[in-house]
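Asks:
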Amino acid sequence: MTVIGEAGDGEEAVQMATEMHPDVVIMDIAMPKLNGIEATRQIKLIRPATAVLILSAYDDDEYVFGLVEAGAAGYLLKTASGGELTHAIRAVYKGEPVLDPIIARKVLNRLRFPGKIRRGARPSERLSDREMDIIKLAAKGMSNKDIANELHLSWRTVEGNLRNIFNKLGVGSRTEAVIQAMGRGWLTLEDLAGIVSDGSLCALGQTAANPVLTTLHYFRDEYIAHIDEKRCPAGVCRELIQYSIDPERCEGCLRCLRACPTGAISGEKRKPHTLNQGMCIK
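The sequence shown maps to residues 1 to 282 in the UniProt record's numbering.
What follows is the structure, encoded as structure tokens:
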């Protein structure tokens, strides 16, 4: 990983990205001459292959959604550790979306109250069955190569389908595509909760690179506040979606996490619960 340049303002960032062809640009929001949103938009228009990772102190909705719409591949707050930043850079370089858990919560709140999200789609915008399969796997944070292996396709076919998905949804990144698909009802929070049933996501051990795992952060913080940790067989419920968790130890908690949010998502009030063999009981 090599730093090839530093820009003093937004205009210089666009110019340097145009001339130097970086793989990843780390972008702030508040900059002279050109703000981070517009600089990101211009870089993505000129250099679509360059991933833009936002690193900012701001978490206002207007910035978050403005940058996602502009094509940012990831958004970290400046409270992130050096290790988290390094991981995020590598993740966006590989085409994986990155969201700070606080930013992910804002995205999920928007999806829970989707009045400002355009839910309907014209027939021409609807995704094919294959495209839906691909977007669901992309939501897991899988790379193009992994998606190709999973669906027994060539990586070029996956790449072409992703381009079609981006064009249909009018977006420029995987993060935007997943958010749009969720906003239109093609992917739901229940779908994301159900993805953890195979336990494979926990094995990834990474939060920032995976929109599903940041969703699980949200579930844990919002819906599992009353868990009695002492009765959890794995003893890791409150630490479930942290780095380097042993997938075997948290298998039961994954099942619990999958079961717990269901009522809360639909608006029902849930009684405080405890755990027994990894499953919720009232």
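In this text, a Cβ means the ideal position worked out from N, Cα and C, and glycines have one as well.
Is L76 helix, strand or coil when you go by DSSP?
Replies: The answer is strand: DSSP assigns L76 an E or B state.
Asks: Return helix, strand or coil for S27, following the three-state DSSP convention.
Replies: The sequence shown places Met at residue 27, not Ser. M27 falls in the strand class under three-state DSSP.
Asks: Specify, as a first and last residue, the run of the alpha helix (DSSP H) that A88 falls within.
Replies: It spans G82 to Y93 - the alpha helix (DSSP H) in which A88 sits, taken as one unbroken run.
Asks: How far does the beta strand (DSSP E) with A51 in it extend, from its first residue to its last?
Replies: Looking at the DSSP string, the run of the beta strand (DSSP E) that includes A51 is A51 to S56.
Asks: Let me know the secondary structure DSSP gives V98 once reduced to three states.
Replies: Strand, per DSSP.
Asks: Excluding the five sequence neighbours on either side, which residues of its own chain have a C-beta within less than 7 Å of the C-beta of K145, listed in chain order?
Replies: Result list for K145: W155, in chain order.
Asks: Taking the alpha carbon of D9 as the reference point, which residue from A49, D129 and I29 has its own alpha carbon closest?
Replies: With distances taken between Cα atoms, D9 lies closest to I29.
Asks: Short of 6 Å in beta carbon distance, which residues of its chain neighbour K33, apart from the five on each side in sequence? Order them along the chain.
Replies: Excluding residues within five positions, the ones whose Cβ falls inside 6 Å are D9, G10 and E11.
Asks: Rounded to a whole number of angstroms, what is the C-alpha to C-alpha distance between D133 and M31?
Replies: Between D133 and M31, the C-alpha separation is close to 39 Å.
Asks: Are M27 and A39 close, meaning C-beta to C-beta below 9 Å?
Replies: Yes.
Asks: When burial is assigned at 16 or more other CB atoms within 10 Å of the CB, is E176 buried or exposed?
Replies: Burial call: buried.
Asks: Compute the Euclidean distance between the alpha carbons of T86 and Y93, then round it to the nearest angstrom.
Replies: Going from the Cα of T86 to the Cα of Y93 covers about 11 Å.
Asks: In or out: R163 buried (at least 16 other Cβ within 10 Å) or exposed?
Replies: It counts as exposed.
Asks: Take V158 as the anchor and find which of G170, V171, M142 and D23 has the nearest alpha-carbon.
Replies: The residue with the shortest Cα to Cα distance from V158 is M142.
Asks: Report the rounded CA-to-CA distance for I46 versus W186, giving the unit in angstroms.
Replies: Approximately 30 Å, taken between the alpha carbons.
Asks: In this structure, does DSSP put D175 in helix, strand or coil?
Replies: Correcting the residue identity first, residue 175 is Thr in this sequence and not Asp. Note: T175 maps to helix in three-state DSSP.
Asks: Alpha carbon to alpha carbon, how far is I147 from G82? Give it in angstroms, no decimals.
Replies: Taking the straight line from one Cα to the other gives about 29 Å.
Asks: Short of 8 Å in beta carbon distance, which residues of its chain neighbour V14, apart from the five on each side in sequence? Order them along the chain.
Replies: Excluding sequence neighbours, V14 sits near L34, A39, Q42, I43 and I46.
Asks: Alpha carbons only, please: which of N161, G160, A70 and L99 is nearest the one belonging to residue 289?
Replies: Since the displayed the chain opens at 1 and closes at 282, residue 289 lies outside it and no answer follows.
Asks: Do G5 and A51 have their C-beta atoms closer together than 9 Å?
Replies: Their beta carbons are not under 9 Å apart, which means G5 does not touch A51 by this criterion.
Asks: Assuming M1 and I89 are in contact, meaning their beta carbons sit under 8 Å apart, how far apart are those beta carbons, in whole angstroms?
Replies: Sure, about 7 Å apart at Cβ, within 8 Å.
Asks: What are the boundary residues of the alpha helix (DSSP H) that includes W155?
Replies: Element bounds for W155: W155 to L169.
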